[in-house]
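Following: one structure in structure tokens, then a few remarks.
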Amino acid sequence: MKTQVAIVGGGPSGMLLAQLLHVRGIDSVVLERKTKDYVLSRIRAGVLEQGLISLMEEAGCADRMHAEGFTHNGTLISYGDEMFRVDFTEHTDKPVMVYGQTEVTRDLYAARERAGGPIEFEVEDVEIHGADTTSPYLTYRVGTQERRLECDFVAGCDGFHGVSRQTIPLDVRREYEKVYPFGWLGVLSETPPVNEELIYANSERGFALCSMRNDTLSRYYIQCSLSDSPNDWTDAAFWEELKRRIPKDQADKLVTGPSIEKSIAPLRSFVTEPMRWGRLFLCGDAAHIVPPTGAKGLNTAASDVHYLYNALRDFYENGSEAGIDGYSEKALDRVWKTERFSWWFSSLLHRYPDQSPFDIKMQVAELEFLRSNKAAQRAMAENYVGLPY
Ligand code: FAS
Ligand code: PHB
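In this note's numbering, the protein residues as written are -14 to 374.
Okay, structure coming up:
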């Protein structure tokens, strides 16, 4: 089989790239390790930047998002019983959209199916060959059948544990990592959100986040130990701990209910450089990971896709290699800025095991400064709504 762009990974990165290329008449084949149901069962991001919204519109997949998504013009930040609001539109004239990653991926799958775009599920042993030549190809297995896919380019959209990043030789790759000494225990519940906007909570017991998917589906997180497992937490224990980490007036109105999903995500900051090797291009979690605090994981995958999609368009439509040659540098420039913001926001809100009383005083001083200083709020807002592509 032959295609123009072989895409490894059928998560949001791979599916968004495939759909954007399709709209421009560029053929691609998506190879996904799991089943479609498995991919759609993963509960992850919840906040979309304007850049991702625009890409979904360009891909012709934005109707349901606009119909069902929630526009948020600001967010709440609490520490103890204190709480203040950062108004995004006051500082940036841009809102964000609350619409789950699961729904984004569902919309992209629906578009792919409408277009009859080839996607192969449950593929195994994907290997990328000849990435440093002008005629790369992939080999993989579906069941007992060995297959080969000839292509012009390979998009590595296969996440942190994928094969693409590992294809770049160790003497070419430079990796940067920070592992955080805690995780996030997340719960999805069919309950009304405690507040119309998100609440990012710094408390002496640890971080908490009150988010949502719609007005009857809430998403909550609490910082937890890396040694915890979801089964260590009954629903009652989770709700009790969440209430102790958010302001009392919010805790008093929190509607609790049975969890319909409960999982723990480790937190890490990770970047691999370069994001291109020959005809192989890394996108999204295959190249970088952020702690979810700043809601940047999915959104930074989107900016990678924007740069790669336009680079490939330029190649096929104008015969120019400028975009593909500049992809890695351009993507990494924005990646590092979102890594910084995600690290800063995580440092501001979480309790770290080795924190001294002085360190905690610094956190409170930073929160007080953010609360009282418009320039500080503008800087936070500009990062949160998404830096320009
Ligand atoms: P993904 O990991 O989503 O998709 C990669 C796909 O490639 C998967 O479907 C995988 O099955 C497939 N694949 C892997 N190896 C393969 C192979 N060898 N062959 C074929 N296919 C292969 N971001 C936020 O902004 N907010 C959050 O709250 C948040 N929570 C998260 C919680 C968890 C547990 C995780 C892991 C991530 C979270 N993220 C969050 C980040 C997340 O949203 C990612 O940024 C986003 O999924 C990135 O999308 P992709 O780059 O497509 O990678
Ligand atoms: C979510 O709703 O899952 C969510 C929202 C904001 C974040 C992280 C996760 O910063």
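Ideal placement from N, C-alpha and C gives every residue a C-beta, glycine not left out.
Bear in mind that the values here come from a model prediction, so they are computed numbers and not experimental data.
Same chain, Cβ closer than 8 Å to residue i, five either side skipped, listed in chain order
i: H76; result: K359, Q362, R363, A366, E367
i: L123; result: A(-9), V(-7), L16, V111, E112, I113, H114, R133, L134, C136, V139
i: N180; result: L61, C195, Q235
i: L25; result: T87, T90, R91, Y94
i: P154; result: W262
i: P215; result: L170, K247, S248, I249
i: S210; result: F167, G168
i: K315; result: Y292
Extent of the continuous alpha helix (DSSP H) to which residue i belongs
i: I446; result: As shown, the chain starts at -14 and ends at 374. That puts residue 446 outside it, with no answer to give.
i: V148; result: Looking at the DSSP string, V148 is not in any alpha helix (DSSP H), and its letter there is neither H nor E.
i: I345; result: 342 to 357
i: R336; result: Neither: R336 is in no alpha helix (DSSP H) and is coded neither H nor E.
i: Y294; result: 282 to 303
i: A47; result: Neither: A47 is in no alpha helix (DSSP H) and is coded neither H nor E.
i: L155; result: Run containing L155: none; DSSP gives neither H nor E here.
i: K233; result: 233 to 236
i: D217; result: Taken as a continuous stretch (DSSP letters only), D217 belongs to no alpha helix (DSSP H), as it is neither H nor E.
Beta-ladder partner(s) of residue i, from DSSP
i: C209; result: G168
i: L134; result: L123
i: G141; result: V(-7), L267
i: Y161; result: V256
i: W262; result: L265
i: Y185; result: I62, L194
i: L173; result: R204, E246
i: V32; result: V83
i: H273; result: V256
Contacts around residue i, its chain only, beta-carbon distance under 7 Å, and the 5 residues preceding and following it disregarded
i: R97; result: M0, A3, Q4, I104
i: A116; result: V139, T152, W262, G263, R264, L265
i: L6; result: V(-10), S13, Y294, L297
i: G147; result: V(-7), G(-6), G141, A271
i: L317; result: E258, M260
i: E306; result: F300
i: L334; result: Y185, N187, F192, T278
i: C268; result: S(-2), L2, A140, G141, C142, A286, D289, V290, L293
Proximal residues to residue i (C-beta, below 6 Å), its chain only, five neighbours per side dropped
i: L227; result: A193, Y205, I207
i: D12; result: T(-12), Q(-11)
i: P251; result: G168
i: I38; result: M82
i: T241; result: W224
i: Y84; result: L33, M50, G54
i: L173; result: I28, R204, I245, E246
Buried or exposed (CB count within 10 angstroms, at least 16 for buried), residue i
i: G304; result: exposed
i: H57; result: buried
i: T323; result: buried
i: F326; result: buried
i: R99; result: exposed
i: P277; result: buried
i: F343; result: exposed
i: Y161; result: exposed
i: S185; result: The amino acid occupying residue 185 in the given sequence is Tyr; Ser does not appear at that position. When all chains shown are included, Y185 counts as buried.
i: M(-14); result: exposed
i: F354; result: exposed
i: S120; result: exposed
i: K346; result: exposed
i: Y312; result: buried
i: T219; result: exposed
i: G10; result: exposed
i: Y125; result: buried
i: V108; result: buried
Residue i - containing beta strand (DSSP E), residue span
i: K(-13); result: Where K(-13) is concerned, there is no enclosing beta strand (DSSP E), given that its DSSP letter is neither H nor E.
i: E17; result: It is not in any beta strand (DSSP E) - E17 carries neither H nor E in the DSSP assignment.
i: I245; result: 244 to 258
i: S196; result: 193 to 199
Within-7 Å CB hit, residue i to chain B
i: V111; result: Among the protein chains of the structure shown there is no chain B, as only one such chain exists.
Proximity test, residue i beta-carbon vs the ligand FMN heavy atom, cut-off 6 Å
i: E112; result: No copy of the ligand FMN occurs in the structure displayed; its ligands are the ligand FAS and the ligand PHB alone.
Scan the stretch 49 to 131 and note each continuous beta strand (DSSP E) run of 3 residues or more that stays entirely inside, going in chain order.
You should have 55 to 57, 59 to 64, 67 to 72, 81 to 83, 108 to 114, 122 to 127.
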